[in-house]
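S.K.: Could you have a look at this structure, given as structure tokens, before my questions?
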Amino acid sequence: MMKNSLETLRTELQERFVDIPFKTDIAYNELTIEVSATNLFQVCETLRNRFDFSQLIDLCGVDYSQYKQTDWETKTASSTGFSRGVNKDINKEENDDPRYAVVYHLLSVKNNQRIRVRSFAEGEPPRIDSVVTIWNSANWYEREAFDLVGILFDGHPDLRRILTDYGFVGHPLRKDFPVTGNVEMRYDPDKKRVIYEPVSIEPRTLVPRVIRQDNRYND
Amino acid sequence: MPEIHNYTLNFGPQHPAAHGVLRLILELDGEVVERADPHIGLLHRGTEKLAETKPFNQSIPYMDRLDYMSMMCNEHAYVMAIEKLLGIKIPERAEYIRVMFDEITRILNHLLWIATHGLDVGAMTMFLYAFREREDLVDCYEAVSGARMHAAYYRPGGVYRDLPDQMPQYETSKWHNAEEVSKLNENRQGSLLDFLEDFTNRFPKYVDEYETLLTENRIWRQRTVGIGVVSPERALQLGFSGPMIRGSGIEWDLRKKRPYAAYDKLDFSIPIGINGDSYARYLVRMEEMRQSNHIIKQCITWLRDNPGSVMIDDHKVAPPKRAAMKDDMEGLIHHFKLFTEGYCVPEGEVYSAVEHPKGEFGIYLVSDGANKPYRLRIRAPGFPHLASMNEMAKGHMLADVVSIIGSQDIVFGEIDR
Numbered sequence: 000m001m002k003n004s005l006e007t008l009r010t011e012l013q014e015r016f017v018d019i020p021f022k023t024d025i026a027y028n029e030l031t032i033e034v035s036a037t038n039l040f041q042v043c044e045t046l047r048n049r050f051d052f053s054q055l056i057d058l059c060g061v062d063y064s065q066y067k068q069t070d071w072e073t074k075t076a077s078s079t080g081f082s083r084g085v086n087k088d089i090n091k092e093e094n095d096d097p098r099y100a101v102v103y104h105l106l107s108v109k110n111n112q113r114i115r116v117r118s119f120a121e122g123e124p125p126r127i128d129s130v131v132t133i134w135n136s137a138n139w140y141e142r143e144a145f146d147l148v149g150i151l152f153d154g155h156p157d158l159r160r161i162l163t164d165y166g167f168v169g170h171p172l173r174k175d176f177p178v179t180g181n182v183e184m185r186y187d188p189d190k191k192r193v194i195y196e197p198v199s200i201e202p203r204t205l206v207p208r209v210i211r212q213d214n215r216y217n218d
Numbered sequence: 000m001p002e003i004h005n006y007t008l009n010f011g012p013q014h015p016a017a018h019g020v021l022r023l024i025l026e027l028d029g030e031v032v033e034r035a036d037p038h039i040g041l042l043h044r045g046t047e048k049l050a051e052t053k054p055f056n057q058s059i060p061y062m063d064r065l066d067y068m069s070m071m072c073n074e075h076a077y078v079m080a081i082e083k084l085l086g087i088k089i090p091e092r093a094e095y096i097r098v099m100f101d102e103i104t105r106i107l108n109h110l111l112w113i114a115t116h117g118l119d120v121g122a123m124t125m126f127l128y129a130f131r132e133r134e135d136l137v138d139c140y141e142a143v144s145g146a147r148m149h150a151a152y153y154r155p156g157g158v159y160r161d162l163p164d165q166m167p168q169y170e171t172s173k174w175h176n177a178e179e180v181s182k183l184n185e186n187r188q189g190s191l192l193d194f195l196e197d198f199t200n201r202f203p204k205y206v207d208e209y210e211t212l213l214t215e216n217r218i219w220r221q222r223t224v225g226i227g228v229v230s231p232e233r234a235l236q237l238g239f240s241g242p243m244i245r246g247s248g249i250e251w252d253l254r255k256k257r258p259y260a261a262y263d264k265l266d267f268s269i270p271i272g273i274n275g276d277s278y279a280r281y282l283v284r285m286e287e288m289r290q291s292n293h294i295i296k297q298c299i300t301w302l303r304d305n306p307g308s309v310m311i312d313d314h315k316v317a318p319p320k321r322a323a324m325k326d327d328m329e330g331l332i333h334h335f336k337l338f339t340e341g342y343c344v345p346e347g348e349v350y351s352a353v354e355h356p357k358g359e360f361g362i363y364l365v366s367d368g369a370n371k372p373y374r375l376r377i378r379a380p381g382f383p384h385l386a387s388m389n390e391m392a393k394g395h396m397l398a399d400v401v402s403i404i405g406s407q408d409i410v411f412g413e414i415d416r
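Note that the protein sequences, when read in sequence, are chains G and Y. Note that numbering that gives the first Met the number 0 numbers the first sequence so that position 204 is 203, with each residue one more than the last. Note that numbering that gives the first Met the number 0 numbers the second sequence so that position 118 is 117, with each residue one more than the last.
Encoded structure:
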């Protein structure tokens, strides 16, 4: 029953947006649509006004730059072993695929439906239209996506950092930002104030990131 | 006459009524709030980043530390997301145990909320009463998981272990002699379920006591009626969920609308408010405690009648029994792989949400097929609630800000993540 209603919604969306190219996907009983950054605002407006998606439940930025990249190639694993196998630089290659996506989770309280909208933000820094005027709850979410992933939202009324420290440099949820951070803080008794210094701890991998070729989940 | 300008007041971050580390920049005209600008992030621990560097199971304890007042509900959303991606179905008994502990958690959370909200508004007694009842419930947490708060009890595939047959008892010490201890242990003679049943029989009377103290109390009503009114339209716009949206009169509860675990087999009802003010949200939460109590009772009955496994039998996800690990080579390999590398989750993305005591708690999990999440996004219910602070506080008195924070049920563990 649920599956059918998602299929119906997908068909309705395809009929509605005949002139806008977009991709759809239904997986795990969830509908995802992917639209380009230029059409995002228009699509969101229609989703709210015509399809009753009255709530923006969540908005987040995703950095796809290291998608499907691992610390450890499992095919040659047995000859290298754990500690020698962990190589931070292994195939962290650059590619031209769009890197930053903004993911919107919408909820229709009236129809009890959910939809996920994904849009890749282009450029460096990546830019995308703000949806604050459509859903007011986007305000803080967009500030957070700006703070943690570094996506600029055009038309946002007050794009400040929100979660990180005052005067923080960098965007922590980007994949090239180290888990240890870049600076550490301590109280300097001579200067009688708190000072920032480059971090003194080495990043280390306790469990390497691996992708196993597992055929059990294939249909 | 000198011209009087607005002035700016810094509230927090270390203020007892800020419920943690909230810094509010308040622009005041006399005592009336013109603008409120919450500064958050003082408790930011980078949970989302940390989870990307750890195998899936090692992030479960982080979930407890998000909203540290409703630990097991956070875990529930996280393990449900993993289970969805893995495509596993957990044993029915585990589902009931999860529902039971979700509801225990809801009562725990609402008790803390009424305790602190009461304290903020001047009802000191509430604090003492609520903590008396919380004690029994955290004892249940301790009995199943060994920890009174940060349980890490839910695991992908079920729950860590079955409910204990013997409720842990007090022992004599230099503070309590044998006579006192036997009195304390009176309701701890049987199993955990017996102890809980005793609690559920006592609890409705306690809620009545709280209501006697507050519901008709003149001071309480003066401090909450008409404070922080949110219309249903605005509640939707602002992304509200949980008691906040129900207080505004929208009937929306994931346990009913999108049932997960065993909620579709249980009988309970959803209270909604009418006026959308702090008082309506207070009434909604009080009734939710009664409903949770009712759900726990049903779970106890079901769990008594249906013994069985609480963890799936797939050793790619769930560790084998200790004895099997010692005897069996395959068991040993499974154990070793599971605790060193973890398991790989198939590529895909899911959003799994639970009706958390504060609202909709969601986990958006992107997996690229590795043994660690590629991206873990935590949708905390308190985040949009606090974001509406400016709108809710505008035009109210300074003292009402405290009442609004209280009725939003803010916990910084989840907002700052």
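Glycine included, every Cβ here is placed at the ideal spot set by N, Cα and C.
Using three-state DSSP, classify Leu385/Y as helix, strand or coil.
M.R.: Along the second sequence, read from residue 1 onward, the residue named residue 385/Y stands at position 386. Helix at Leu385/Y.
S.K.: Among the residues of its own chain, which have a CB less than 6 Å from the CB of Ile89/G, if the five just before and after it don't count?
M.R.: As a first step, residue 89/G must be located in the first sequence, where it is residue number 90. Here the model assigns Ile89/G a pLDDT of 49, short of 50, so the residue's position is not dependable, and the following value carries that caveat. Once the five neighbours on either side are set aside, Ile89/G has no close Cβ partner at all.
S.K.: If you drop the 5 nearest sequence neighbours on each side, which residues of the same chain put their C-beta closer than 7 Å to that of Asn5/Y?
M.R.: The count along the second sequence starts at 1 and reaches residue 5/Y at position 6. So the qualifying residues of the chain are Glu26, Leu27, Asp28 and Glu33.
S.K.: Does Glu201/G come out as helix, strand or coil in the three-state DSSP assignment?
M.R.: Counting from one through the first sequence, the residue named residue 201/G turns up at place 202. Note: Glu201/G maps to coil in three-state DSSP.
S.K.: Any chance the stretch 77 to 87 of chain Y sits against the stretch 113 to 129 of chain Y, with 3 or more Cβ pairs inside 8 Å?
M.R.: Touching, no, given that fewer than three Cβ pairs across the two stretches are closer than 8 Å.
S.K.: Please list the partners that Glu359/Y has in chain G, where partner means a Cβ-to-Cβ separation under 7 Å.
M.R.: Here residue 359/Y is taken as the residue at index 360 of the second sequence, counted from 1. What Glu359/Y touches in chain G: Ile56.
S.K.: Thinking C-beta only, is Leu39/G closer than 8 Å to Trp134/G?
M.R.: Residue 134/G sits at position 135 when you count from the first residue of the first sequence. Residue 39/G sits at position 40 when you count from the first residue of the first sequence. Result no, Cβ atoms of Trp134/G and Leu39/G do not sit closer than 8 Å.
S.K.: If we define contact as Cβ-Cβ less than 8 Å, is Val365/Y a contact residue for chain G?
M.R.: For this step, residue 365/Y is matched to residue 366 along the second sequence. Yes, Val365/Y counts as interfacial toward chain G.
S.K.: From the DSSP output, in three-state form, read off Gln407/Y for me.
M.R.: Position 408 of the second sequence holds residue 407/Y. Helix.
S.K.: Below 7 Å on C-beta distance, what does Val349/Y contact in chain G?
M.R.: The count along the second sequence starts at 1 and reaches residue 349/Y at position 350. Within 7 Å Cβ-Cβ: Tyr27 and Glu29.
S.K.: Just curious, the alpha helix (DSSP H) that Ser291/Y is in, first and last residue?
M.R.: By 1-based counting over the second sequence, the position of residue 291/Y is 292. Here the alpha helix (DSSP H) through Ser291/Y covers Ser277 to Asp304.
S.K.: Figure out for me which residue from Pro306/Y, Phe194/Y, Tyr128/Y and Leu136/Y has the closest Cα to the Cα of Thr211/Y.
M.R.: Start at 1 with the first residue of the second sequence, and residue 211/Y comes out as number 212. Out of Pro306/Y, Phe194/Y, Tyr128/Y and Leu136/Y, Tyr128/Y has the C-alpha closest to the C-alpha of Thr211/Y.
S.K.: If you run the structure through DSSP and keep just helix, strand and coil, what is Pro37/Y?
M.R.: Numbered from 1 along the second sequence, position 38 holds the residue referred to as residue 37/Y. Three-state DSSP puts Pro37/Y in a strand.
S.K.: Do the stretch 396 to 407 of chain Y and the stretch 273 to 286 of chain Y touch if we need at least three Cβ pairs shorter than 8 Å?
M.R.: Enough Cβ pairs lie closer than 8 Å, so yes.
S.K.: Listed in chain order, which residues of the stretch 178 to 193 of chain G have Cβ atoms closer than 8 Å to some Cβ of chain Y?
M.R.: Those residues of the stretch 178 to 193 of chain G that come within reach of chain Y (Cβ to Cβ, closer than 8 Å) are Val178.
S.K.: I'd like the list of long-range same chain contacts for Glu390/Y, defined as Cβ closer than 6 Å, with 5 residues on each side in sequence excluded.
M.R.: Counting from 1 along the second sequence, the entry for residue 390/Y is found at position 391. Nothing listed; no residue qualifies.
S.K.: With a cut-off of 8 Å, does the C-beta of Thr69/G fall near any C-beta of chain Y?
M.R.: As a first step, residue 69/G is located in the first sequence; it is residue number 70 there, counting from the start. Yes, Thr69/G lies at the interface with chain Y (some Cβ there is under 8 Å from its Cβ).
S.K.: Spell out whether any CB of chain Y is found under 8 Å from the CB atom of Asn110/G.
M.R.: Taking the first sequence and counting its residues from 1, one reaches residue 110/G at position 111. No, Asn110/G lies away from the interface with chain Y (no Cβ there is under 8 Å from its Cβ).
S.K.: Counting only runs of 3+ residues fully inside the stretch 151 to 199 of chain G, write out the beta strand (DSSP E) ranges in chain order.
M.R.: With a minimum length of 3 residues, the continuous beta strand (DSSP E) runs that stay inside the stretch 151 to 199 of chain G are 151 to 153, 182 to 187 and 192 to 197.
S.K.: The beta strand (DSSP E) with Asp51/G in it runs from where to where?
M.R.: Looking up residue 51/G in the first sequence gives position 52. Premise fails: Asp51/G is in no beta strand (DSSP E) and is neither H nor E.
S.K.: Please say whether Val365/Y and Val42/G have beta carbons closer to each other than 8 Å?
M.R.: One-based indexing of the first sequence puts residue 42/G at position 43. One-based indexing of the second sequence puts residue 365/Y at position 366. Going by C-beta atoms, Val42/G is not nearer than 8 Å to Val365/Y.
S.K.: Quick check: the Cα distance between Tyr140/G and Gly238/Y, rounded to an integer number of angstroms?
M.R.: As a working mapping, residue 140/G is identified with position 141 in the first sequence. As a working mapping, residue 238/Y is identified with position 239 in the second sequence. Roughly 11 Å separates the two Cα atoms.
S.K.: How would you call Asp304/Y, buried or exposed, if buried means at least 16 neighbouring beta carbons within 10 angstroms?
M.R.: The residue labelled residue 304/Y in the question sits at position 305 within the second sequence. By the neighbour-count rule (16 or more Cβ atoms within 10 Å), Asp304/Y is not buried but exposed.
S.K.: Flag this pair as yes or no: are the beta carbons of Pro54/Y and Gly330/Y separated by less than 8 Å?
M.R.: Residue mapping note: residue 54/Y aligns to position 55 of the second sequence, counting from 1. Residue mapping note: residue 330/Y aligns to position 331 of the second sequence, counting from 1. Contact: no.
S.K.: For Lys255/Y, which residues from the same chain have a beta carbon less than 7 Å from its beta carbon, with the 5 sequence-adjacent residues on both sides left out?
M.R.: Position 256 of the second sequence holds residue 255/Y. For Lys255/Y, where only same-chain residues beyond five positions count, the Cβ hits under 7 Å are Ile269.
S.K.: Tell me, to the nearest whole angstrom, how far the beta carbon of Ile19/G is from that of Asp367/Y; I am working on the premise that it is less than 8 Å.
M.R.: Counting from one through the first sequence, the residue named residue 19/G turns up at place 20. Counting from one through the second sequence, the residue named residue 367/Y turns up at place 368. The Cβ separation is near 28 Å, so there is no contact.
S.K.: Taking Tyr66/G as the reference, give the member of Glu132/Y, Ala322/Y, Pro372/Y and His384/Y with the closest Cα.
M.R.: Counting from one through the first sequence, the residue named residue 66/G turns up at place 67. Answer by Cα proximity: Pro372/Y.
S.K.: Can you tell me where the beta strand (DSSP E) with Gly347/Y in it begins and where it stops?
M.R.: Sequence index remark: in the second sequence, residue 347/Y carries index 348 (1-based). Its beta strand (DSSP E) spans residues Gly347 to His355.
S.K.: Got a sec, what are the start and stop residues for the beta strand (DSSP E) Gln112/G sits in?
M.R.: Working through the first sequence from its first residue, we reach residue 112/G at position 113. Run containing Gln112/G: Gln112 to Ala120, per the beta strand (DSSP E) assignment.
S.K.: In chain Y, what lies closer than 9 Å to Ile210/G by C-beta?
M.R.: Mapped onto the first sequence, residue 210/G falls at position 211. The contacting residues are Cys343, Glu346, Asp367, Gly368, Ala369 and Asn370.
S.K.: Is the Cβ of Tyr195/G closer than 8 Å to any Cβ of chain Y?
M.R.: Against the first sequence, residue 195/G aligns to sequence position 196. By this cut-off, Tyr195/G is not an interface position.
S.K.: How would you write the range of the alpha helix (DSSP H) that Val17/G sits in, first residue to last?
M.R.: By 1-based counting over the first sequence, the position of residue 17/G is 18. Looking at the DSSP string, Val17/G is not in any alpha helix (DSSP H), and its letter there is neither H nor E.
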